[in-house]
Each structure stands twice: as structure tokens, then as C-alpha cells.
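Chains as they are written, first to last, in the working numbering: chain R, 11 to 85; chain D, 144 to 651.
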């Protein structure tokens, strides 16, 4: 899942995929603005075929936290 | 045809004129569900009757918390049909802030969507004057659900009609003092702004509504104008799904804020990497018959306008503020004055003060700030001029240009107004921080801090960052501090020891 999410991230921000880790913070480290982040969540719905609760997902600050949430809802 | 002077008139007018045509379309479990103007009027009447029955003797203020949906709109206009006052609140705020605005607006009924119904108990404790909490969606306890109320009061109509000069809504906007201010808009204000532009055959077209509905830009330009023109409102159920919903609804127009416009443009640029036919990409995203994007809420750079043009998509920029219901200028399709914020709307007088501040007078200008005469006096002159706080000029063709801001307010590209003081005040009693200034650095809210030299710590920066994380958790994402800058010297100050903000901005 990390690799797929890295691909999505790189479609929105100019980040080196090699340097994206589970500890990377979306806003501070990767340079997301709030709308790009929300928009990436929409793409994640298509990529992983699940329905995201926007309010819960936007509270996730790091790549690892978002993956943990994605894993929860895909179970 | 009846004359439209109030929002209640508007609901009746739309029913009479457009009847069984679709008032709004929304996606329900991946199906598009239409609701007619006629059904909308019936549902608003039913809810309005219930409100009048509960509060027969007095005007009641009703807060609404949620994102755009048919039940949300029914609540907004049901309140209007009962001749009462709507108080739409920012659903991105936390429960404490929502409770504060419920209390300061004296709301006694609160409508909550599914994301906020769980906070009912907390809100109930914090807002003892509230008599009824109504859920906009079916819920487990089913105490008060708008659908049940409408069913129970089916076929009934509320009595009376408000005066056009009466208060219709209170909308909160960020104040420069740190505390949000309740902008009071009358029926006349909102109707004037809705009907100020000529109808260019909008009847039967579709507008997709994307922006938060508690913002008056979305409410007037998408919702009220939809009722006025007979233009169907397509409800984008989530900011996550704009591009997907553009494909489902195929609207003729949308309203964006610059941040969304920029992001969608970036997506198209990315698609153009695999399909160099940019016009085809524009059509793939927006559809064959798409007409125009209207942008407002913040300044849209000419680069974005030019970028869209390459994809065959027109984007027109407008300008306004909540205090003016909101339109002062409207975006003009095909406008070549890319630096301007649009053409001044008919009926709106604009003058530029000696200090270059844009001042506005029209029927759309607010009644004042709710229970806040001091702030009202600072913003509205005795002879009715609204001081916008924006600096600029107009050209001979009636187009307006913004050159700066007089007030200390951050306008982010998502249209959010952020009061730096509101954020800075959170650090007032935090020992590691001696001085803090919050500003916008390239659309990124930045906190520049001069740490307290008397505070002993191994890692003061981490302590400050931890406090920032805590403060961020109290604000919606759009208002989060994204960057911390530590400075070694105190901020430059005036003789009266006030920090000179302008000097800090110059250094960015």
C-alpha cells in the first residue's frame, strides 16, 4: 500500500518517492495544501476501491497514519 | 408573476415558475437523485410550519451545521419560510467553536448533519438555551429527524411574510480582533445580490456547487441564483470527488476558489503528459458543453487563467465579501483584463478613499454585525458606506483592481479568511514564546517566533512545535500553522511597542 500511496502523492506534490517514509508529514514535509490532500483522498478511493470518511481521513497527519486508516477500512 | 422581495418569496416564485423541473441533483448511493422546485417548496413549508408551531410568539434564530445536501437546504429555507433567521455555521470548526457561535447568535434550534449529530450531547451542555436539536439525517435514536418532521407536517403552510428589511441570516466571518463577527444580512441584502446581474439564459442550465455552503459566495451565487434563474444545482458531495462529480453531472458552470482552481489545473496538466491534446483533456474533465468557471474568495493569479485557456476552459474572477452578500464585482467570461477582480455589479456604488481603500454602497450591504456596534461602526459609515479593508482602484470600464489590504487579515487561496491574532492569542500564556507573528507565506500559514530568552529548555523548538500541534488540533485544517520560523532577534516595534507587521512581510 505504501508504494501505491507514494505514486499518488507524487502526482500532487514534487517529492522524491525514495524519501517518502511512513513518518513523512503531508503538509510540513511533503508540501500538500489542504485541497490537494483532500483531492488525493478522492483518488485513493478509486485506487483502493473503498469509501473514505473525509473528516476522519483529513485528521491524519503522516503517511503512516493514513495507511493505518486505509488498512482499517479495507478490512 | 409575484414580486420577489424575500427568500420566502424566492422559494414560492421558483415553484410557480419552474415547478416540476429539477431544483437540485445529488448523488445518493451512486445514483443521481433529482428534487423539483415544487417538492422543495412543499418541504420548506412543512418544516416552516413546525418551527412556527414551536415558536409562535417570537422570532427564532436557528443554526445549521453541515455540508451541502438537500436536507441542509430544506433547513435553511424552511427557516426562511417560517419568517425566521438562519445561522449557517462552518462545519469544519470543532464543537467548542460551534457552540460559541450558537450562543453568540442566540440560536434556539440547531440542525446537525450526520458528522455532527454525535456532538449533540456536548453542544447541549455548552448551549443551554437551545430548545431543539434536529438531525438532518436518519439516526439511531430518531428523536428529531427533519424527514419525520416534514412527513408529519406534510401539506401544511406557515403563515405570514417577513418584511424585506428584516434580518434573514447571520453569517460568521473572521474578525481582525481574533473573535469571529456575525454579519447580519436582511432579505433585501440577499435578494438584491441575487438579482443584480442580468439573466443570460441560465434557465435549464446546471451549476455544480463545490464550496462550503455556509460561505455566502456559494450560498448566493449557487443556491439563491439557482432558484432565481431556474438553474439546477448539482451537489458535489465531497471535495474529494470534484473531478468524478464533474463527469457525473456534466454542469455548465462551477464556482471555485483559487486553491481548487489551481489544483484541478495541475491535474489537467498531469493528464496532458499522456495526452498532449489539451483541449481534449479539458473536455474530458469538464465535458463537451462546459461554459465557465467562476472564481472568488481570494485573488486568482493571471497564470491560472492563462493555464485554463490552454485547455479551452474559461475562468472568470469575481470579488466580494460576506458584508456585501457578497458580490461587489462579477467575473466576466472572456475578460482580457486578467489583473482585475471583475466588473462592478449593477446597482453597486464604489468609491476609492483618499487612502485608496475600496468603499461600497448598495442594497447588498449588511445591516451590521450582530450585537457588535463597535465593529459595525468601524466598518459601516453613518452614511452607509462599507469599508472593505481592501486597497485598490477602478478603471474607466468599471473593472476593479486590488493592490493590497488595509486590515490585518490573511486571505488564503481557498477563500478562508484567517485572523492572525486568533491564532497568535493561543500562545499568550505559553512561557517558551516571547513574541509570535502569524502570516501567510506563499499560501502557507507561518508562525514566526522569538523564543523567551529567560525560558530554560534543552530543545525549545520542539516544545514550541508541540504547542503548535496542540493549537492546530483546535482549528480546521485550512487554518493550521504549517511552518515554524525561529528568529534570534525581537520583532521590530513602533514607539508604542507594537510589532510592525509590515516590516516582517517585507522580508518574506
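For glycine and all other residues, C-beta sits at the position ideal for the given N, C-alpha and C.
(message) If you reduce the DSSP assignment to three classes, tell me which class residue 650 of chain D lands in.
(response) Reliability of the predicted coordinates at residue 650 of chain D is poor, the pLDDT of 42 falling under 50, and no value is obtained from them.
(message) Please identify the residue among D/522, D/471, D/460, D/359 whose C-alpha is closest to the C-alpha of residue 436 of chain D.
(response) D/460
(message) Looking at residue 622 of chain D: is its Cβ nearer than 8 Å to the Cβ of residue 559 of chain D?
(response) yes
(message) For residue 31 of chain R and residue 85 of chain R, I'd like the C-alpha separation in whole angstroms.
(response) 23 Å
(request) Taking only the alpha-carbon atoms, compute the straight-line gap between residue 607 of chain D and residue 628 of chain D and give it to the nearest angstrom. (result) 10 Å
(request) List the residues of chain R that residue 621 of chain D touches, going by C-beta distances under 8 Å, in chain order. (result) 44
(message) Based on DSSP bridge pairs, tell me the residues matched to residue 72 of chain R.
(response) R/35
(message) Can you tell me where the alpha helix (DSSP H) holding residue 399 of chain D begins and where it ends?
(response) Looking at the DSSP string, residue 399 of chain D is not in any alpha helix (DSSP H); the run it does join, the beta strand (DSSP E), is 396-399.
(message) Taking 6 Å as the limit between beta carbons, can you name the residues of its chain near residue 184 of chain D, skipping five residues before and five after?
(response) 154, 158
(request) Please go through the same chain and pick out, in chain order, the residues whose beta-carbon is closer than 7 Å to the beta-carbon of residue 27 of chain R, but skip the five residues on each side of it. (result) 16, 20
(message) So with CB distances below 7 Å, who are the chain R contacts of residue 384 of chain D?
(response) 52
(request) Under 8 Å by Cβ, that's how I've got residue 245 of chain D and residue 266 of chain D pegged, so tell me the actual separation to the nearest angstrom. (result) 7 Å
(request) Could you confirm whether any beta carbon from chain D is found closer than 8 Å to the beta carbon of residue 62 of chain R? (result) yes
(request) Could you tell me the distance, in whole angstroms, from the CA atom of residue 48 of chain R to the CA atom of residue 589 of chain D? (result) 21 Å
(request) Starting from the Cα of residue 470 of chain D, find the closest Cα among D/480, D/523, D/492, D/481 and give me that residue. (result) D/492
(message) I'd like to know whether the C-beta atoms of residue 261 of chain D and residue 232 of chain D end up nearer to each other than 8 Å.
(response) no
(message) Rounded to whole angstroms, what is the Cα-Cα separation between residue 604 of chain D and residue 462 of chain D?
(response) 40 Å
(request) Would you mind reading off the limits of the alpha helix (DSSP H) that contains residue 621 of chain D? (result) First-last for residue 621 of chain D: undefined, no H or E at that position.
(message) Could you pull the DSSP bridge partners for residue 702 of chain D from this structure?
(response) Residue 702 of chain D lies beyond the stretch modelled for chain D, which goes from 144 to 651, so this question has no answer here.
(message) Counting only C-beta atoms, is residue 65 of chain R closer than 8 Å to chain D at any point?
(response) yes
(request) Grab me the residues of residue 193 of chain D's own chain with a C-beta within less than 6 Å of its C-beta, minus the 5 sequence neighbours each way, in chain order. (result) 292, 296
(message) Can you check whether the C-beta of residue 625 of chain D is within less than 8 Å of a C-beta belonging to chain R?
(response) yes
(message) Can you give me the C-alpha to C-alpha distance between residue 367 of chain D and residue 337 of chain D, rounded to a whole angstrom?
(response) 6 Å
(message) By alpha-carbon positions, which one of D/523, D/546, D/541, D/525 ends up nearest to residue 534 of chain D?
(response) D/546
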